[in-house]
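For reference, the structure discussed in these notes is given below.
2 protein chains.
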Amino acid sequence: MAGKRQGSTAPDTLGAGAVRVRNQARILDAAEGVFATHGYRGGSLSAIAQEAGLARANLLYYFKSKRGLYVALLERTMARWNSLLEEIDINDDPAQVLTSFVRAKLALVRRYPQASRLFASEVLQGAPMLQTYLDGPLRTWVDARATILARWIERGQMDQRVDPHALIFLIWSTTQHYADYEAQVLALTGRKALDNSDEQRIGDFLCHMVLAGCGLSDPERPAGSL
Amino acid sequence: MAGKRQGSTAPDTLGAGAVRVRNQARILDAAEGVFATHGYRGGSLSAIAQEAGLARANLLYYFKSKRGLYVALLERTMARWNSLLEEIDINDDPAQVLTSFVRAKLALVRRYPQASRLFASEVLQGAPMLQTYLDGPLRTWVDARATILARWIERGQMDQRVDPHALIFLIWSTTQHYADYEAQVLALTGRKALDNSDEQRIGDFLCHMVLAGCGLSDPERPAGSL
DNA sequence: CAATTTACTGACCAATTGTTCAGAAAACGA
DNA sequence: TCGTTTTCTGAACAATTGGTCAGTAAATTG
Chain E
0 MAGKRQGSTA
10 PDTLGAGAVR
20 VRNQARILDA
30 AEGVFATHGY
40 RGGSLSAIAQ
50 EAGLARANLL
60 YYFKSKRGLY
70 VALLERTMAR
80 WNSLLEEIDI
90 NDDPAQVLTS
100 FVRAKLALVR
110 RYPQASRLFA
120 SEVLQGAPML
130 QTYLDGPLRT
140 WVDARATILA
150 RWIERGQMDQ
160 RVDPHALIFL
170 IWSTTQHYAD
180 YEAQVLALTG
190 RKALDNSDEQ
200 RIGDFLCHMV
210 LAGCGLSDPE
220 RPAGSL
Chain X
0 MAGKRQGSTA
10 PDTLGAGAVR
20 VRNQARILDA
30 AEGVFATHGY
40 RGGSLSAIAQ
50 EAGLARANLL
60 YYFKSKRGLY
70 VALLERTMAR
80 WNSLLEEIDI
90 NDDPAQVLTS
100 FVRAKLALVR
110 RYPQASRLFA
120 SEVLQGAPML
130 QTYLDGPLRT
140 WVDARATILA
150 RWIERGQMDQ
160 RVDPHALIFL
170 IWSTTQHYAD
180 YEAQVLALTG
190 RKALDNSDEQ
200 RIGDFLCHMV
210 LAGCGLSDPE
220 RPAGSL
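Here it is in structure tokens:
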């Protein structure tokens, strides 16, 4: 039972069709939590309706089916993410690109942890609804970056032991981890939640690891001795 | 009550209670796949029974409830994993320890991808059934390793920019990724499955990244130029 | 205001869920 | 062989699932 108006744009005189937009968003937000936690099969419309503060039958007025709702939710998530997938150029600075990628992904995962877990849940199932997205736009985006990484390696701008795809997967997985495995991270660190300073610290560490592995880090205090 | 003899040895003339052992294993194997794919709520006894080739009611002869089956499955999985959590000593060689950790985890994830995904699914839910495992034995194990890593850093045997817990999470997440996000990895690399040479290559890359980040790698071809 | 579109609901449906149980079938020990 | 234990099953259970629909309520438009 969410608040009646959680409102950014509060309904005063209400533009036409505003109810629709507001309720669709409410339903999607509720569905995000439920599907992220219990998966597609395990998530029920009743649970979503309850968390959205609406009648169960009302969900099917806005979305034609459970599957339709799920797909719409995935589309909203992908749209949000796509806006953050900035392009890169061969002439950019590798260290700059990699650090900003790590920081951006970490911020994204922290801002939308539910969406991140939803994505994880979908891929865990074998990505039945996202197969075309993975094979299409996402692969195109990844290949573009992998190609540029490969060029940087050829040019000697990065350690040649780096595997472009594996590097992208490393950044993806290490950042995603703090959403998908949040329960484990919190249990193992004895924390209750991760705050801004944690994000900063983790980002520092990951950037260091990535840059060092790519041969781009200043070897400050290089563990000299034996 | 419990299995009369849980001996591994297979049934030739059929020892007493062998049927029980065999069918329990069959059910657990089937449940692993179903729960890993659809989560606890989303996995149905009907689906498990069908994949196990048994009648639905028969599952509840061996396991008292769906929850009981799920818990037994998690216990089997944790028991398998615990046997691979070898201890380490402060006087071990850091590079040796880290590489063997990466390789072992990668092999584990590849050998038991379903179990890995099952674990991911449970943690995604907030680890409702594994909370005590995370807070207890796993945390003890992680803290022990983190302490030793911290000592190595103090001694100057590892780069002091390394965060022990974050390093463990990095190794965990990057290896786990190849099971949990298998669908994505395959789609983005255009592969049908990962073979031994892939595992070798990925292991090489991850070991390099980890060692370099810890200041333990030979700076072979250090991406010199600018 | 009235007319019309949009929003919402409760009741109902067939299918599936986990679970129980009496009893059949099979395996076992004698 | 017989008697006992173990294994297995089909039918039935209450509850819940996604989905439909007729009809009501609210909002928007004129």
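Just so you know, the protein sequences line up as chains E and X, in that order.
For the first sequence, counting from 1, position 45 maps to 44 in numbering that gives the first Met the number 0; every step adds exactly one.
For the second sequence, counting from 1, position 62 maps to 61 in numbering that gives the first Met the number 0; every step adds exactly one.
Even for Gly, the Cβ is constructed at its ideal location relative to N, Cα and C.
On a predicted model such as this, the values are computed, not experimentally measured, just so you know.
- prompt: How do the region 126–145 of chain E and the region 134–143 of chain X stand: do at least 3 beta-carbon pairs fall below 8 Å, yes or no?
  reply: no
task: Classify L185(X) as helix, strand or coil using the three-state DSSP reduction.
output: In this structure, L185(X) counts as helix in the three-state DSSP scheme.
query: Since F168(X) meets chain E, which of its residues come closer than 7 Å, beta carbon to beta carbon?
result: H176 and V184
query: What is the DSSP secondary structure of L105(E), reduced to helix, strand or coil?
result: helix
field: Per-residue burial, S45(E) [other beta carbons within 10 Å of its own, 16 or more giving buried]
entry: exposed
message: Does any residue of chain X have a CB that is nearer than 8 Å to the CB of Q124(E)?
response: yes
- request: Reducing DSSP to helix, strand and coil, say where M157(X) ends up.
  value: coil
- prompt: At a cut of 8 Å, does the region 199–211 of chain X reach the region 152–167 of chain E through at least three beta carbon pairs?
  reply: Contact between the region 199–211 of chain X and the region 152–167 of chain E is present, because at least three Cβ pairs lie under 8 Å.
field: Cut-off 6 Å between Cβ atoms - residues of its own chain near I89(E), not counting five sequence neighbours on either side
entry: I147 and R150
- prompt: If you draw a straight line from the C-alpha of D28(X) to the C-alpha of W80(E), how long is it?
  reply: The straight-line gap separating the alpha-carbon atoms of D28(X) and W80(E) is approximately 36 Å.
- prompt: Using the beta-carbon of each residue, which ones in chain E are nearer than 8 Å to S172(X)?
  reply: S172, T173, Q175, H176 and Y180
task: Indicate the three-state DSSP secondary structure (helix, strand or coil) for N57(E) in the structure shown.
output: helix
query: Are the region 22–39 of chain X and the region 109–122 of chain X touching by the rule of at least three beta carbon pairs closer than 8 Å?
result: Cβ pair count under 8 Å is three or more, so yes.
message: I need the straight-line Cα distance from P93(X) to E74(X), nearest angstrom please.
response: 31 Å
query: Does the Cβ of D158(X) have 16 or more other Cβ atoms within 10 Å, making it buried, or fewer, making it exposed?
result: buried
task: Determine the DSSP secondary structure at G32(E), reduced to helix, strand or coil.
output: In this structure, G32(E) counts as helix in the three-state DSSP scheme.
- prompt: Between L187(X), D194(X) and R160(X), which lies nearest to D217(E) when the distance is taken from Cα to Cα?
  reply: R160(X)
- prompt: Between the C-alpha atoms of K104(X) and P112(X), what's the straight-line distance to the nearest angstrom?
  reply: 11 Å
- prompt: Any Cβ of chain X within less than 8 Å of the Cβ of V277(E)?
  reply: The structure shown does not extend to residue 277(E), since chain E is modelled only from 0 to 225, so the question has no answer here.
- prompt: chain X partners of S120(E), CB-CB under 7 Å?
  reply: L123
field: Any chain E beta carbon closer than 8 Å to A211(X)
entry: Yes, A211(X) lies at the interface with chain E (some Cβ there is under 8 Å from its Cβ).
query: Which value, in whole angstroms, describes the spacing of the CA atoms of E50(X) and E181(X)?
result: 22 Å
message: Considering only their Cβ atoms, is the gap separating L169(X) from T76(E) smaller than 8 Å?
response: No; because the gap between Cβ atoms is not below 8 Å, this pair is not in contact.
- request: Indicate whether at least one CB of chain E lies closer than 8 Å to the CB of I165(X).
  value: Looking at the sequence provided, one finds Ala at residue 165(X) rather than Ile. Taking Cβ atoms only, chain E reaches closer than 8 Å to A165(X), which makes this a yes.
task: Determine the DSSP secondary structure at R190(X), reduced to helix, strand or coil.
output: coil
query: Going by Cα to Cα distance, which pick from D197(X), V70(X), Q156(X) and S99(X) is closest to L84(X)?
result: S99(X)
query: If you count every other CB in all the chains shown that lies within 10 Å of the CB of Y60(X), and 16 or more means buried, which is it?
result: exposed
task: Please name the residue in G189(E), L97(E) and K63(E) whose C-alpha comes closest to that of V141(X).
output: When only C-alpha atoms are compared, the closest one is G189(E).
- prompt: How many whole angstroms separate the CB atoms of A126(E) and Q95(X), which I take to be in contact at a CB cut-off of 8 Å?
  reply: The pair is not a contact, with the Cβ atoms about 37 Å apart (cut-off 8 Å).
message: To the nearest angstrom, how far is the alpha carbon of L53(X) from that of I26(E)?
response: 39 Å
query: Measuring CB to CB, does S115(X) end up less than 8 Å from Q175(X)?
result: yes
field: Assigned exposure category for A30(E) - 16 Cβ within 10 Å defines buried
entry: buried
query: To the nearest angstrom, how far is it from the Cα of G212(E) to the Cα of S64(X)?
result: 49 Å
message: Determine, for G16(E), whether the minimum Cβ-Cβ distance to residues of chain X falls below 8 Å.
response: no
query: Taking Cβ-Cβ distances shorter than 9 Å, what residues in chain X pair up with G41(E)?
result: H37, G38, Y39, R40, G41, G42 and Q124
message: Shorter than 7 Å, the distance from the beta carbon of F118(E) to the closest heavy atom of the ligand SAM, or not?
response: As presented, the structure is devoid of all ligands, the ligand SAM included, so that no description of it is given.
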